[in-house]
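In what follows, a single structure is set out as structure tokens and then discussed.
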Amino acid sequence: MPVKVLFRGIPAVALAVTAFAFPAFAADTNAPNQNETKEQRDARMAWWREAKFGMFIHWGVYSISAGRYGDQEIPGLSEWIMHDGKIPLAEYAEFPKRFNPTKFNAEAWVKIAKDAGQKYIVITAKHHDGFAMFQSKVSDYNICDATPFQRDPLKELAAACEKEGIKLGFYYSQAQDWGHPGGAARDGHWDPAQDGDFDAYLDKIAVPQVQELLSNYGPSVPAVLWFDTPENMTPERAAKFFPLLKTRPELIVNNRLGGGFKGDTETPEGFIPPNGFPGRDWETCMTMNHSWGYCQRDTDWKSTADLIRNLVEIASEGGNYLLNVGPTREGLMPEACVERLKQVGAWMKINGESIYGTTAGPFPNLSWGRATRKGQELFLHVQTWPSNGLLRVPLANKISAAVLLTQPDKQLEVRNEGNVTLVSLPATAPDAVGSVVRLDFEGEPIVPTTPG
Ligand code: JFZ
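Quick look at the structure:
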């Protein structure tokens, strides 16, 4: 049963008591990175905090069906088609025989990410369907042994990422696995071939495959391990992965292993938490349309303006943006995605300094947009251009410089009026989606509680 549903029905008091009843886990010294100092943690998270923007890739044999099973449209997420269409395992296992994505080119994918300004990629090594998109000795239900393609895309991506200076992370569905006996399935198995012992599945498939992923791609891949949907996981089951995770001290792990393991990153999905997660690293994952895996009918793409605004909003609350693309059965990223990513990249070329390595802005809210901070620099993302040409910033500090990132050599006029800083802007916005002003300020930000 999904954890979320369980939680909904339980009063807060019961939850608090339950949490109190298992203090052992919170203090579990076997969990990775339990005892690291703040300095060690900051060093481990440094590249990720600098990166801010990553590419999520959902690619698997579900990219073949692309939302259709026989002559039926299966509503919902394309990567859930086996579950939602109640496709028997033996039948789904025929899909790989038709998977021959000869147009896949790791360098082209990495270049698309890089040109978009994305600094890391997280790709589905195995999704809930249980099919491994990598060479696995543990199960021949994998792309090298069960498709005519026979290549390991993770290996090719690792090489391309290394060349381009992009970090590579792996998504691995550790609990749900509809393709191996004993693997979990939300709402239960639909095919007796799936029945079996969950612990045996963890011991024989999930743990050894994670070991393969952590061992076979060089010392710095994966940089991130992205677990998902912890159905049936318990503290004991999560602990089966700990010794492995500890073999890779630089690894960043998300919070979806289950069994109470907090991991390194919160993963709000499809939404932007209004105040971030104070004291925690976090990453909003979002897909460009509605499905994660490629879905032929789903052409409702977010606009470039939406994508940029999301990135800005997330950065202004202190998070990262992991933006998903679902490549096709041929191994191509949909044209609509490529086009939008290019446009985001063009914006990032000018405005990237207002995103990379920034932390949340100091303002609870701003009527005209968002703000990010990097040390003594504030980046003002002006989304509603002031009609009188004066931007009101609720900040009382001394300002030593103010420029538009589109015109970094031209100082803007700035004056203080009471608690407020007024910045003179040109009559029209230089960028229709998001123009950014950089303010160099002195001291700690002084933000009046009632803007003047
Ligand atoms: C999961 C997957 O089931 C889905 O296919 C996709 O991979 C996505 C990134 O992750 O879906 C979830 C997981 C967590 C939540 C919602 C959907 N959640 O916490 O709200």
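Mapping of the sequence shown onto numbering that gives the first Met the number 0: residues 0 to 451, in sequence order. Each residue gets a CB set at the ideal place from its N, CA and C atoms; glycine is no exception. Predicted model, so just to flag it, every value in this text is computed and none were measured.
Query                                                                                                                                                                         : Result
For residue 433, which option in 166, 38, 348, 35 has the closest C-alpha, if you only look at C-alpha atoms?                                                                 : 348
In chain order, what residues of the same chain lie with their CB nearer than 8 Å to the CB of residue 440, ignoring the 5 residues before and after it?                      : 375, 376, 377, 394, 396, 397, 398, 399
What are the start and end residues of the beta strand (DSSP E) that includes residue 284?                                                                                    : 280-286
Using a 10 Å radius around the Cβ and a threshold of 16 neighbouring Cβ atoms, would you call residue 270 buried or exposed?                                                  : exposed
Is residue 262 near residue 234, with beta carbons less than 7 Å apart?                                                                                                       : no
For residue 255, count neighbouring C-beta atoms within 10 Å of its own C-beta (all shown protein chains included) and say buried if the count is 16 or more, exposed if not. : buried
Less than 7 Å between the C-beta atoms of residue 352 and residue 100, yes or no?                                                                                             : no
Within a Cβ cutoff of 7 Å, which residues of the same chain sit near residue 291, ignoring the five residues on either side of it in sequence?                                : 57, 76, 78, 323, 325
So the candidates are 131, 62, 84; which of them puts its Cα closest to the Cα of residue 72?                                                                                 : 84
By Cβ distance, which residues of its chain are closer than 7 Å to residue 123, with the 5 residues on each side in sequence left out?                                        : 56, 57, 58, 59, 132, 170
Do the CB positions of residue 47 and residue 354 come within less than 7 Å of each other?                                                                                    : no
The beta strand (DSSP E) spanning residue 376 covers which residue range?                                                                                                     : 376-381
By DSSP's criteria, residue 410 is part of a beta bridge. Which residues make up the other side?                                                                              : 402
Tell me whether residue 23 sits in a helix, a strand or coil according to DSSP, three-state version.                                                                          : The pLDDT assigned to residue 23 is 43, lower than 50, so where the model puts this residue is not dependable; a value taken from the coordinates is nonetheless given after this. In this structure, residue 23 counts as helix in the three-state DSSP scheme.
Nearest by alpha-carbon distance to residue 178: which of 418, 214, 386, 125 is it?                                                                                           : 125
So the beta strand (DSSP E) residue 307 belongs to, where does it begin and stop?                                                                                             : Run containing residue 307: none in the beta strand (DSSP E); it sits in the alpha helix (DSSP H), 303-315.
So who's on the other strand from residue 136, going by DSSP bridges?                                                                                                         : BP columns for residue 136 are empty, so no partner.
Is the distance from the Cβ of residue 102 to the Cβ of residue 379 below 7 Å?                                                                                                : no
I'd like the span of the beta strand (DSSP E) that includes residue 81, first residue to last.                                                                                : Not the beta strand (DSSP E): residue 81 falls in the alpha helix (DSSP H), residues 80-83.
For residue 317, tell me which candidate among 242, 283, 298 has the shortest Cα-Cα distance.                                                                                 : 283
For residue 422 and residue 49, what's the separation of their Cα atoms in angstroms?                                                                                         : 28 Å
Helix, strand or coil for residue 198, going by three-state DSSP, please let me know.                                                                                         : helix
Hey, how far is the Cα of residue 288 from the Cα of residue 415?                                                                                                             : 44 Å
Among the candidates 61, 410, 384, whose CA atom is the shortest distance from the CA of residue 429?                                                                         : 384
For residue 437, which option in 419, 401, 278, 431 has the closest C-alpha, if you only look at C-alpha atoms?                                                               : 401
Flag residue 46 as yes when its Cβ comes closer than 6 Å to any non-hydrogen atom of ligand 1, and as no otherwise.                                                           : no
Suppose the cutoff is 7 Å on Cβ atoms and the five residues either side in sequence are ignored; what does the same chain contact list for residue 145 look like?             : 95, 139
Please state the DSSP three-state secondary structure of residue 367.                                                                                                         : coil
Taking the beta carbon of residue 64 as the centre, do at least 16 other beta carbons fall within 10 Å, making it buried, or is it exposed?                                   : buried
Please list, in chain order, all residues of the same chain as residue 339 whose beta carbon is under 8 Å from its beta carbon, the five residues on each side excluded.      : 287, 300, 301, 302, 303, 306
Between the segment 159-170 and the segment 214-232, can you find at least three pairs of beta-carbon atoms closer than 8 Å?                                                  : yes
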